[in-house]
Amino acid sequence: MNTDELLSYAIRHFGKNSISEVNDNPNLVAFSSPITKNWFALLNLDPKNKSLNINCGDFAITIKDLPGFSPSSLIKEDKWVEVSLGLSNQKIKKALEYAFKIALMSKKRPNPEKLIYIPDTQNDEESVYHEQKLNFKNWKRSSNILRKETKSTEEKINLNFEDTQLVPKEIKKMIDSYQYSLPGSIRREQNFYLQGKLMASYEDHYEGKQSFLRYYPTYHDLTVGQARTYFTWRTKIRQNIYEKISDSYAYIYLYELLNGIGIKNPEAGLDKLITFNKNYAQKFSPEMGAYLERWICDYIIFYNINKTNNTFFVKEQTNDKKYEQLLYPDQFSNHEVAESLIKLSNYKIRNCPLYKKSIEKFEYLLVLIWHKILDLRNDGFDFFTSYIAYKNQMTIQLFSAAVFNHQLEPQTTSYEIDQIRKYFYDEEKNTWYCESYWGLTGQKSIMGNFLHEVDREIRLCFNLGRNLKPRKIEKHYLKAIRDGIKEYQIEEQKLKQPKIEFNLSQLSTIREDAAGTRDSLLTEEELQAEQEEREQIEETVVNDEQEDYGLSSEEMATIILLLKGKDLNKYLKEHHLMAAVIIDNINEKLFDEFGDNVIEFINDIPTVIEDYQEDLEDMFLKGTN
637 MNTDELLSYA
647 IRHFGKNSIS
657 EVNDNPNLVA
667 FSSPITKNWF
677 ALLNLDPKNK
687 SLNINCGDFA
697 ITIKDLPGFS
707 PSSLIKEDKW
717 VEVSLGLSNQ
727 KIKKALEYAF
737 KIALMSKKRP
747 NPEKLIYIPD
757 TQNDEESVYH
767 EQKLNFKNWK
777 RSSNILRKET
787 KSTEEKINLN
797 FEDTQLVPKE
807 IKKMIDSYQY
817 SLPGSIRREQ
827 NFYLQGKLMA
837 SYEDHYEGKQ
847 SFLRYYPTYH
857 DLTVGQARTY
867 FTWRTKIRQN
877 IYEKISDSYA
887 YIYLYELLNG
897 IGIKNPEAGL
907 DKLITFNKNY
917 AQKFSPEMGA
927 YLERWICDYI
937 IFYNINKTNN
947 TFFVKEQTND
957 KKYEQLLYPD
967 QFSNHEVAES
977 LIKLSNYKIR
987 NCPLYKKSIE
997 KFEYLLVLIW
1007 HKILDLRNDG
1017 FDFFTSYIAY
1027 KNQMTIQLFS
1037 AAVFNHQLEP
1047 QTTSYEIDQI
1057 RKYFYDEEKN
1067 TWYCESYWGL
1077 TGQKSIMGNF
1087 LHEVDREIRL
1097 CFNLGRNLKP
1107 RKIEKHYLKA
1117 IRDGIKEYQI
1127 EEQKLKQPKI
1137 EFNLSQLSTI
1147 REDAAGTRDS
1157 LLTEEELQAE
1167 QEEREQIEET
1177 VVNDEQEDYG
1187 LSSEEMATII
1197 LLLKGKDLNK
1207 YLKEHHLMAA
1217 VIIDNINEKL
1227 FDEFGDNVIE
1237 FINDIPTVIE
1247 DYQEDLEDMF
1257 LKGTN
């Protein structure tokens, strides 16, 4: 920045009254606060030794060794530093603004004459310093910028501080509350929060309007006029009056909401953020809208607001959905799971003949195969985490690129977006983490090989289309593909078999009809003999004191007849019983006693197993003849 630009900037930004002469020396120009009259900068206009020296207060020790900064050459005090005019305009302006605020906060008036440093002459001759009048006329003529200044510009935006000497007591209290003693790492954010709480309910009706441009702006960066401009604008915002203003002011308002300043509760703060995004950011500043959408998500997590996930985490949930469907396929339709597999692949599986023949059947088969792939996790083969995505916790910073007081306690230590994306807060490390699945390199290529082998095996097993050349895939995954196809074929075969339905309600009627038909064919002697035999069997079985071990009367009779070596077939026919069914029931009910079947079929004849004969006789033949 050249000296003409610097002087022009100083006049416009700090006011004409900030420029003063120094002992009538035309080469030295001092910048001072129009309120306190304290110097905050000294400019040397000497063509051979042009330099800018500023008062940075206690911060001078920190920046003296930074590029573009060095110990002061004009004033020998630790608080003064020299700023290279070769730095960018923005950096020089920021340095001047910082020095100006230091001057505003100072209550002492320095004695400039005692601080001026006059370098020795080269000839070591004694030189006598004579006061000279500062000639502003010369450098005004050389400044193109100053010649362009018009009264209309000054009337439009008042950048002077001539009318800000009557500072509202609330703003003065805010300025005085700034704590320089706070550690540098948290000073800016903490002071913003403390000053914001102090000014949370303040309203202003300032008629002037001063522009403001600053990255990561805070109240401390505002002059009195700018502060009044901001609080007047904020008053209108709270009345739902949205007027365009410098973005730096709008960011201060957003920082307030993020820090919980001026709101009743987090839910109310969220509503204000949403409303401001709709009525201001989206209309006047799309770039601000992009920041705001991200901060709203951070706000929901930090303050544990659970009712808006589907609205503000759409991108995250859309990204997670494809992994969620593959990890938990039972919770989704076959179409959703199949589509996720296809989208993660670079193989054109839709050319598969089965897909063209029946999309529904293909999707069912593909999901069945995927279940077989997931089952291999029990054997230590996890296709998903090896080739698709891996689970990890990444360090994140909520409210990045915003002025936020990170000393505030979050309302939760765990926040879940969906089944696979969660946020965690480590209180000891004061750090947030995001746990989710992250896609692996080569994902589409490997999934392409997988679906290619699915297509190839389908063509072979169903005799569809032309054969494909095999691609590289691990043998256990290839076997899972084949097992899935086999299971599908078995299910298809079962569906083709005719179904036979039994009406159990008519079974007793059939039995009675069959018995009546049989009885009609027997002679009177045969019927009498059968009746006597039946009575003998019943006498053998009936015993009120006999433990039944959970067996029915028919099952008790069956096992007793077997143990006595009697003919079982007549009893079963008489009672219309099936040997296989009743023997299975006996084995099942006595399994707890023996841990094994006690009756087996030898040549289709039920026979008591010899090892259990004696035990069964003790159980069922005691007290019988």
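Residue 637 is where the sequence shown starts when you use the working numbering, and the numbers rise one by one after that. Ideal Cβ placement from N, Cα and C applies to all residues, glycine included.
Complete beta strand (DSSP E) runs within the stretch 1015 to 1075 (minimum length 3 residues, chain order): Correct list: 1025 to 1032, 1050 to 1052, 1058 to 1062, 1067 to 1075.
Proximal residues to PRO965 (C-beta, below 8 Å), its chain only, five neighbours per side dropped: Residue numbering aside, residue 965 sits at position 329 when the sequence shown is read from its first letter. Closer than 8 Å at Cβ, skipping near neighbours: VAL973, VAL1003, TRP1006, HIS1007, LEU1010.
Exposure label - ILE1126; buried when at least 16 CB within 10 Å: Position 490 of the sequence shown, counted from the start, is the residue given in the question as residue 1126. Exposed, since its Cβ has fewer than 16 Cβ neighbours within 10 Å.
Outcome for PHE958 when other beta-carbon atoms lying within 10 angstroms are tallied against a minimum of 16: Start at 1 with the first residue of the sequence shown, and residue 958 comes out as number 322. The residue asked about is misnamed: residue 958 is Lys in this sequence, not Phe. Flag for LYS958 reads buried.
Own chain partners of GLU641 with C-beta closer than 6 Å, once the 5 adjacent residues on each side are dropped: Within the sequence shown, residue 641 is the residue found at index 5, counting from 1. No residues qualify anywhere along the chain.
Three-state class that DSSP yields for SER976 in the structure shown: Taking the sequence shown and counting its residues from 1, the one referred to as residue 976 is at position 340. Residue state, collapsed to three classes: helix.
GLY861 classed as buried or exposed, judged by whether at least 16 other C-beta atoms fall within 10 angstroms: Against the sequence shown, residue 861 aligns to sequence position 225. It counts as buried.
Environment of ALA886 [buried if 16+ CB atoms lie within 10 Å]: Counted from its first residue, the sequence shown places residue 886 at position 250. For ALA886, the number of other beta carbons within 10 angstroms of its own is at least 16, and it is reported as buried.
Counted within 10 angstroms of its Cβ, other Cβ atoms place ASP701 as buried (16 or more) or exposed: Translated into the one-based positions of the sequence shown, residue 701 becomes position 65. Here ASP701 is exposed: its Cβ has fewer than 16 other Cβ atoms, across all protein chains shown, within 10 Å.
Close-in-space but distant-in-sequence residues of the same chain around SER813 (CB under 7 Å, 5 per side omitted): For this step, residue 813 is matched to residue 177 along the sequence shown. These residues qualify, in order along the chain: LEU830, GLN831, LEU834.
For PHE1098 and ASP1015, the rounded distance between their alpha carbons: Your numbering for residue 1015 matches position 379 in the sequence shown. Your numbering for residue 1098 matches position 462 in the sequence shown. Straight-line Cα distance between these residues: approximately 29 Å.
DSSP-derived helix/strand/coil call for VAL1003: For the purposes of this step, residue 1003 is taken as residue 367 along the sequence shown, with counting starting at 1. Of the three classes helix, strand and coil, the one that applies to VAL1003 here is helix, per DSSP.
As assigned by DSSP and simplified to three states, the class of VAL860: For this step, residue 860 is matched to residue 224 along the sequence shown. When secondary structure is reduced to three states using DSSP, VAL860 falls in the helix class.
Whether ASN691 touches ILE728 by CB criterion (9 Å): Your numbering for residue 691 matches position 55 in the sequence shown. Your numbering for residue 728 matches position 92 in the sequence shown. No. Outside cutoff.
Three-state class that DSSP yields for ILE1235 in the structure shown: Looking up residue 1235 in the sequence shown gives position 599. Looking at ILE1235 - three-state DSSP - the assignment turns out to be strand.
DSSP three-state assignment for ILE697, whether helix, strand or coil: Translated into the one-based positions of the sequence shown, residue 697 becomes position 61. It is helical.
Range covered by the alpha helix (DSSP H) that runs through THR911: On the sequence shown, residue 911 is found 275 positions in, with the first residue counted as 1. From DSSP, the alpha helix (DSSP H) with THR911 extends over 902 to 912.
Secondary structure of ASN876, DSSP reduced to three states: Position 240 of the sequence shown, counted from the start, is the residue given in the question as residue 876. Coil, per DSSP.
For PRO1242, the first and last residue of its enclosing beta strand (DSSP E): Residue mapping note: residue 1242 aligns to position 606 of the sequence shown, counting from 1. Counting along the chain, the beta strand (DSSP E) containing PRO1242 begins and ends at 1241 to 1244.
Residues near ILE1082 in its chain [Cβ-Cβ closer than 6 Å; skip 5 each side]: Numbered from 1 along the sequence shown, position 446 holds the residue referred to as residue 1082. Excluding residues within five positions, the ones whose Cβ falls inside 6 Å are TYR1023.
Under 9 Å between C-beta atoms of LEU894 and PHE1035: Taking the first residue of the sequence shown as position 1, residue 894 is located at position 258. Taking the first residue of the sequence shown as position 1, residue 1035 is located at position 399. Remark: C-beta atoms of LEU894 and PHE1035 approach each other more closely than 9 Å.
Buried/exposed call for GLU1269, threshold 16 Cβ in 10 Å: Because the chain in this structure spans residues 637 to 1261, residue 1269 falls outside the shown range and cannot be described.
ILE822 versus GLN815: straight-line alpha-carbon distance, rounded: As a first step, residue 822 must be located in the sequence shown, where it is residue number 186. As a first step, residue 815 must be located in the sequence shown, where it is residue number 179. Between the C-alpha atoms of ILE822 and GLN815 there is a straight-line separation of about 11 Å.
Helix, strand or coil at ILE888 [DSSP, three-state]: Position 252 of the sequence shown, counted from the start, is the residue given in the question as residue 888. In the structure shown, the three-state DSSP call for ILE888 is helix.
Cα-Cα separation, SER981 to HIS1088: As a working note, residue 981 is residue 345 in the sequence shown. As a working note, residue 1088 is residue 452 in the sequence shown. Across the structure, SER981 and HIS1088 are spaced so that their CA atoms are roughly 10 Å apart.
Under 9 Å between C-beta atoms of LEU1213 and GLU1246: Here the question's residue 1213 lines up with position 577 in the sequence shown. Here the question's residue 1246 lines up with position 610 in the sequence shown. In this structure, GLU1246 does not lie closer than 9 Å to LEU1213 by Cβ.
Closest residue to ASP840 among ARG874, PRO819, TYR851, SER668 (Cα-Cα distance): Here residue 840 refers to the residue found at position 204 of the sequence shown. Out of ARG874, PRO819, TYR851, SER668, the CA that lies nearest to the CA of ASP840 is found in ARG874.
From LEU928, GLU975, PRO902, residue whose alpha carbon lies closest to that of ILE941: Translated into positions along the sequence shown, residue 941 becomes position 305. Comparing Cα-Cα distances from ILE941 to each of LEU928, GLU975, PRO902, the minimum goes to PRO902.
ASN1066 versus ASN913 - alpha carbon distance: Numbered from 1 along the sequence shown, position 430 holds the residue referred to as residue 1066. Numbered from 1 along the sequence shown, position 277 holds the residue referred to as residue 913. Their backbone Cα atoms lie some 29 Å apart in a straight line.
Span of the alpha helix (DSSP H), counted from its first residue to its last, around ILE690: Within the sequence shown, residue 690 is the residue found at index 54, counting from 1. Secondary structure note for ILE690: it is in no alpha helix (DSSP H), and the uninterrupted beta strand (DSSP E) holding it is 687 to 691.
Buried or exposed (CB count within 10 angstroms, at least 16 for buried), GLN1133: As a position in the sequence shown, residue 1133 is number 497, starting the count at 1. By the neighbour-count rule (16 or more Cβ atoms within 10 Å), GLN1133 is not buried but exposed.
Exposed unless 16 or more other CB atoms sit within 10 angstroms - verdict on TYR1124: Taking the first residue of the sequence shown as position 1, residue 1124 is located at position 488. Buried.
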